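To start, the structure itself, in structure tokens.
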Amino acid sequence: MKLTAASIATLPPRKLPYPDSLLPGLALYVGAKRRTWQLRYRTGGGVQKTDKLGYFIPSAPEGSDSLGLADARAKAREILSRVEAGVPVAEEKVPHPKTGGETVEQSLDKYEKYRTRQGGKIKSLPKTMKALRSALADYASLPVANFTRRDLRKASEVIAERGSVHAASAFLRYSGPWLKWLVERELIETNFSRDVSKPAATKKRKRVLTDDEIRRVWAAAGSMEGIRRNAAKNYGRAVHLLMLTGQRLDEVISLKHGDILDGKWRLKDKDNKSGRDHLITFSKTALKIIGSGEADELVFPGVHEKISGFSRLKRDLDEASGTSNWRIHDLRRTLFTRLVEDLEFPEEIAHAICNHKQQGLSAVYNQATREKQKAKAWEAWDDRLRAILAAEKVVPLAKSKRA
Numbered sequence: 001m002k003l004t005a006a007s008i009a010t011l012p013p014r015k016l017p018y019p020d021s022l023l024p025g026l027a028l029y030v031g032a033k034r035r036t037w038q039l040r041y042r043t044g045g046g047v048q049k050t051d052k053l054g055y056f057i058p059s060a061p062e063g064s065d066s067l068g069l070a071d072a073r074a075k076a077r078e079i080l081s082r083v084e085a086g087v088p089v090a091e092e093k094v095p096h097p098k099t100g101g102e103t104v105e106q107s108l109d110k111y112e113k114y115r116t117r118q119g120g121k122i123k124s125l126p127k128t129m130k131a132l133r134s135a136l137a138d139y140a141s142l143p144v145a146n147f148t149r150r151d152l153r154k155a156s157e158v159i160a161e162r163g164s165v166h167a168a169s170a171f172l173r174y175s176g177p178w179l180k181w182l183v184e185r186e187l188i189e190t191n192f193s194r195d196v197s198k199p200a201a202t203k204k205r206k207r208v209l210t211d212d213e214i215r216r217v218w219a220a221a222g223s224m225e226g227i228r229r230n231a232a233k234n235y236g237r238a239v240h241l242l243m244l245t246g247q248r249l250d251e252v253i254s255l256k257h258g259d260i261l262d263g264k265w266r267l268k269d270k271d272n273k274s275g276r277d278h279l280i281t282f283s284k285t286a287l288k289i290i291g292s293g294e295a296d297e298l299v300f301p302g303v304h305e306k307i308s309g310f311s312r313l314k315r316d317l318d319e320a321s322g323t324s325n326w327r328i329h330d331l332r333r334t335l336f337t338r339l340v341e342d343l344e345f346p347e348e349i350a351h352a353i354c355n356h357k358q359q360g361l362s363a364v365y366n367q368a369t370r371e372k373q374k375a376k377a378w379e380a381w382d383d384r385l386r387a388i389l390a391a392e393k394v395v396p397l398a399k400s401k402r403a
């Protein structure tokens with residue numbers, strides 16, 4: 001069996017190693033609890049040696065100590081080149097990844113149950129757990145014993161890079177009690193939440209995508225099939241829906257087919273940042289992208305339920321589109337700006353489309369839902385987006401999920 005970056009995560013456990021066809025001597029040993037890279041070679045004196053190179057942890061986030069296929073090959077080549085040159089190879093102790101025990105996801109589930117049993121001030125618990133699970137989605141399968149300060153900092157930075165410094169700071173604040181609880185259970189050694197600095201407030205972004213950038217991003221999002229299995233394809237479909245609707249990424253990737261009734265999606269007040277019900281009326285193109293499925297099925301599933309690994313997927317999208325210095329959140333700003341400038345809709349309709357939280361007296365007295373006006377605005381933007389894309393033939397406008 002040929003080893004690939006994707007296959008090493010799904011190889012079943014067995015007694016015999018999985019040899020690398022590209023680099024003789026390199027093999028992956030897959031046991032019940034861990035996946036270990038080993039290199040077998042002969043020294044200049046003919047003595048056979050076996051070196052442990054490291055461990056591969058499926059679904060580990062970028063920057064972790066997990067050793068992927070490319071890194072394992074590079075490490076093996078370095079050792080073999082030293083052997084060929086007659087240079088002694090120092091035996092390196094590889095830290096145990098502690099793949100046994102509970103994962104980050106499992107620890108969050110147990111922590112939530114613990115907090116619920118404690119009673120007291122748990123009114124904000126659902127909000128806390130939602131923030132933790134969202135920020136740590138890329139680390140869900142990582143053994144909690146392997147979760148480090150660097151991982152916590154990276155998770156915070158990813159949130160801040162999306163344009164939400166406040167949410168990044170809140171995540172760090174929520175993580176403290178969870179990490180303290182892990183220390184008490186002796187699953188980690190220290191509560192390192194205080195050692196991670198809160199992200200500094202950044203200058204408010206004003207980035208709006210041009211027509212050409214819209215075309216390139218749309219085309220690239222529609223060509224992400226085959227990368228990281230269906231997760232990339234569905235991420236591309238989700239980007240299309242974001243461009244059409246102006247909604248938030250975390251809300252869109254949580255969308256299930258059962259949430260949609262008569263072409264409309266109602267976000268309850270507890271499930272969105274505005275604190276009030278929000279009705280999205282999908283345009284014709286949006287409905288084509290969504291397709292059909294079972295009620296409890298995610299519209300945009302990832303490898304393991306929800307899509308994860310957003311940083312890597314966004315880099316793939318940037319590379320494929322040739323568009324840089326933009327964030328997913330900029331798609332909301334682009335839609336808002338185009339509604340007001342290109343289509344001349346009132347700002348209050350654009351705010352309602354993007355589900356911005358109302359401030360001051362408006363939050364108290366203005367209870368208008370503007371459902372009809374919003375539906376017209378989404379259809380108008382659908383037509384406008386079609387015109388932008390048609391100005392330069394790139395790819396078909398939409399692909400149905402079940403096409």
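What the sequence shown shows, in full-length UniProt numbering, is residues 1 to 403, in sequence order.
Heads up, the beta-carbon is just placed ideally off N, CA and C, and yes, glycines get one too.
All values derive from a computational prediction rather than experimental measurement.
A straight line joining the alpha-carbon of K130 with that of G176 spans about 15 Å.
Rounded to the nearest whole angstrom, the CA to CA distance from E105 to V144 is 8 Å. Here the stretch 367-383 makes contact with the stretch 243-252; the two share three or more CB pairs at distances below 8 Å.
Counting only runs of 4+ residues, the alpha helix (DSSP H) found wholly inside the stretch 242-267 occupies 249-252, in chain order. In this chain, the beta strand (DSSP E) harbouring L39 covers R35 to R42. Counting only the Cα atoms, L335 lies some 45 Å from R73. At a cut-off of 4 residues, the continuous stretches assigned as alpha helix (DSSP H) that sit fully inside the stretch 174-221 are 211-221. Put simply, of F300, H278 and A295 the residue whose alpha carbon is nearest the alpha carbon of A286 is F300.
At a Cβ-Cβ threshold of 7 Å, V340 and A350 count as neighbours.
Here D383 is actually not in contact with L209; their C-beta atoms are around 18 Å apart, not less than 8 Å. Boundaries of the beta strand (DSSP E) around T281: H278 to T281.
Counted as a single uninterrupted DSSP element, the stretch harbouring T148 is not any alpha helix (DSSP H), since DSSP gives it neither H nor E. According to the DSSP assignment, Y111 belongs to the alpha helix (DSSP H) that extends over V104 to Q118. Between the alpha carbons of L242 and V252 lies a distance of about 8 Å. Excluding its 5 nearest sequence neighbours in each direction, H240 has C-beta neighbours in its own chain below 6 Å: A221 and I289, listed in chain order. A residue is called buried when at least 16 other Cβ atoms come within 10 angstroms of its Cβ; M1 does not meet this threshold and is exposed.
Excluding residues up to 5 positions away in sequence, R216 lie with their Cβ nearer than 7 Å to the Cβ of G322 in the same chain. Looking at the DSSP output, F56 shares a beta bridge with R35.
Judged by DSSP in its simplified three-state form, T334 adopts helix. Beta-bridge partners of L28 (DSSP): Y18 and W37. Non-local C-beta neighbours of K49 in its own chain, meaning closer than 7 Å and more than five positions away in sequence, comprise Y41 and T43, ordered along the chain. Within the same chain, and ignoring the five residues on either side of R332 in sequence, the residues whose Cβ sits closer than 6 Å to its Cβ are G246 and C354. Secondary structure of K2 (DSSP, three-state): coil.
Taking a 10 Å sphere around the C-beta of S193, we find 16 or more other C-beta atoms and assign the residue as buried. Judged by DSSP in its simplified three-state form, D51 adopts strand. Contact annotation: the stretch 108-117 touches the stretch 162-182, with at least three C-beta pairs closer than 8 Å. In this chain, the alpha helix (DSSP H) harbouring D383 covers E371 to A390. As a beta-bridge residue in DSSP terms, L298 pairs with K256. Taking the Cβ atoms as the reference, G309 lies roughly 6 Å from D138, within the contact range of under 8 Å.
Its Cα nearest to that of R207, the residue N325 stands out among N325, K284 and R35. Check the Cα spacing between N146 and each of K233, E102, N230 and A70: the tightest is with E102. In the DSSP assignment, V303 falls outside any alpha helix (DSSP H), carrying neither H nor E. From the listed residues E213, G54, L11 and T281, the smallest Cα separation to A70 is found for G54. In the same chain as K268, and ignoring 5 residues on each side of it, the C-beta atoms closer than 7 Å to its own belong to D277, in chain order.
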